[in-house]
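Residues in the sequence shown are numbered from 214 upward in steps of one, following this note's numbering.
Where a beta carbon is used, it is the ideal one built from N, C-alpha and C, also for glycine.
In what follows, a structure is listed as C-alpha cells, so that the remarks can point back to it.
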Amino acid sequence: MHIHVLGAGAGGGFPQWNCNCHNCDGLRKGAIKARPRTQSSICVSGDGVNWVLFNASPDVLKQIQEFGPLQPGRALRDTGIVGIVLIDAQIDHTTGLLMLREGSVRREIYCTDVVKGDLTSGNPLFNILGHYCGVNHHAVPTDGSSFEIPGAAHLKFTTFALKSAAPPYSPHRNDPHPGDTIGVLIEDTKNGKKLFYAPGLGEIEPHLPPLMKQADCIMVDGTFWTNTEMIDLGLMDKTARSIGHLPQSGPGGMIEELSRFPQARRVLIHINNTNPILNEESPQRRELEAAGIEVSYDGMDIIL
Ligand code: MLT
Ligand code: MN
Ligand code: ZN
214 MHIHVLGAGA GGGFPQWNCN CHNCDGLRKG AIKARPRTQS SICVSGDGVN
264 WVLFNASPDV LKQIQEFGPL QPGRALRDTG IVGIVLIDAQ IDHTTGLLML
314 REGSVRREIY CTDVVKGDLT SGNPLFNILG HYCGVNHHAV PTDGSSFEIP
364 GAAHLKFTTF ALKSAAPPYS PHRNDPHPGD TIGVLIEDTK NGKKLFYAPG
414 LGEIEPHLPP LMKQADCIMV DGTFWTNTEM IDLGLMDKTA RSIGHLPQSG
464 PGGMIEELSR FPQARRVLIH INNTNPILNE ESPQRRELEA AGIEVSYDGM
514 DIIL
C-alpha cells in the first residue's frame with residue numbers, strides 16, 4: 214500500500230492567511246526552521262494507479278498539481294482518484310469537492326449518513342455538486358464491518374465512529390451523533406499491512422486499541438500540543454479536547470497513548486499552525502522524536 218500525504222496541516226494550513234502567531238510569522242520571515250503545509254488530506258493506493266482520496270481539502274487543486282499519479286493520463290477527461298472518503302463534514306475536509314466539480318461522471322463519495330446529512334443541509338455541497346458532476350453517495354458503516362471501493366484494487370476499508378462534535382453549521386451542532394467523525398483501518402489485501410487513519414481524534418475510546426494494535430502505521434490527529442493552546446494564545450475559548458482533538462503533551466495525551474502501540478510507525482497529521490512541533494528545532498519536536506513519533510509533511514510517502 215502506498216500512502217501519500219497531500220496536506221499535513223489543520224484547517225487554515227500553515228502559514229494561515231491571517232495569522233501572526235510565532236510559527237506563522239516565523240515561517241514567513243524565515244526565522245524558524247519549518248515547512249509550509251496545506252490542509253489535511255491523504256491518498257492511498259494498492260496498485261499505484263488507482264487512488265482513494267481521503268478528504269477533499271480547500272487546497273486539493275494544488276495538491277493534485279504536486280502529485281502526478283492523481284492527474285489525467287489515459288483519456289481527455291481522467292483522474293487517478295476512484296473514490297473519495299470523507300471522515301467528517303468540516304470545511305477543511307470537504308470544501309475541495311467544489312474544486313472537483315467538472316466532468317459528467319459522478320463523484321463516488323463514501324461517508325456516513327450523518328455527514329451526508331450535514332452536506333445536504335448546513336453545508337449543502339452535495340446539492341451544489343448536483344448541478345455539476347453529481348454525487349454517488351455510498352453510506353459507510355460504523356459497526357466495524359468492512360467494505361471495498363470499486364476500482365481501488367487490493368484495498369479493504371473498515372470505518373468506525375469517533376467521539377467528536379459536528380461542525381458549527383450542522384443542524385445537530387450541540388447534539389453529537391455517532392458518525393459525525395470516523396476513523397478508518399485500511400488493509401492491503403496482498404500483504405496484510407494496515408494503516409489506522411484518524412486525523413480528528415479526541416479520545417482513545419475502548420473500541421480503538423484493538424484496531425490500533427493491528428496497524429503497521431498509525432496516522433492520527435496532531436492538531437495541538439496542549440489542551441489550552443488556542444485559549445493561551447487568546448484565539449478561541451474552547452479546549453482542544455472539547456473540539457475533538459487530543460493534545461500531544463501531558464498525562465493521557467497522544468504521546469502517552471501512542472506508546473501503547475510500539476509495533477507501528479506512528480505519524481501525526483492535521484497539525485495546527487500554532488503547534489510548536491512545526492518548528493523543527495523546538496524542544497517539543499525533540500520530545501516527539503525521543504518518543505519515536507513522526508510529524509508528517511506535504512509530499513510524505515509511506516509504503517507498507
Ligand atoms: C477542526 O478540525 O476542528 C475543524 O476543521 C476546524 C476548522 O477548520 O474550522
Ligand atoms: Mn480540521
Ligand atoms: Zn499561526
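Asked: Cβ-heavy atom distance between Ser202 and the ligand MN below 7 Å?; Found: Residue 202 is absent from the model: the chain starts at 214 and stops at 517.
Asked: Does the separation of the CB atoms of Gly415 and Arg478 fall below 8 Å?; Found: no
Asked: Once the 5 residues before and after Pro282 are set aside, which same chain residues still bring their CB inside 6 Å of it?; Found: Gly293
Asked: So what's Met432 in DSSP terms, helix, strand or just coil?; Found: strand
Asked: Can you list the beta strand (DSSP E) stretches of 3 or more residues lying completely in the region 245-318, in chain order?; Found: 254-258, 264-267 and 294-298
Asked: Can you have a look at Glu321 and say buried or exposed, based on whether 16 or more other CB atoms are within 10 angstroms of its CB?; Found: buried
Asked: For Asp393, which of Gly347, Pro412, Thr333 and Val327 has the nearest alpha-carbon?; Found: Val327
Asked: Using the rule of at least 16 other Cβ atoms within 10 Å of the residue's Cβ for burial, across every protein chain shown, is Arg498 buried or exposed?; Found: buried
Asked: Helix, strand or coil: which one does DSSP assign to Arg473?; Found: coil
Asked: Counting along the chain, where does the alpha helix (DSSP H) carrying Cys324 start and finish?; Found: Segment Arg320 to Cys324 is the beta strand (DSSP E) holding Cys324; no alpha helix (DSSP H) there.
Asked: Do Val273 and Trp264 count as a contact pair if the criterion is CB distance below 8 Å?; Found: no
Asked: From His367 to His215, what does the alpha carbon distance come to, in whole angstroms?; Found: 11 Å
Asked: Since Leu408 sits in a beta bridge, which residues does DSSP pair it with?; Found: Ile399 and Cys430
Asked: Please determine, among Gln427, His350, Tyr382 and Val433, the residue with the shortest C-alpha to C-alpha distance to Ile395.; Found: Val433
Asked: My assumption, with CB atoms under 8 Å, is that His306 sits in contact with Ser270. Please give the rounded CB distance.; Found: 7 Å
Asked: Could you give the DSSP three-state label for Arg454: helix, strand or coil?; Found: helix
Asked: Rounded to a whole number of angstroms, what is the C-alpha to C-alpha distance between Asn231 and Arg241?; Found: 12 Å
Asked: What did DSSP end up calling Gly225 once you bin it into helix, strand or coil?; Found: coil
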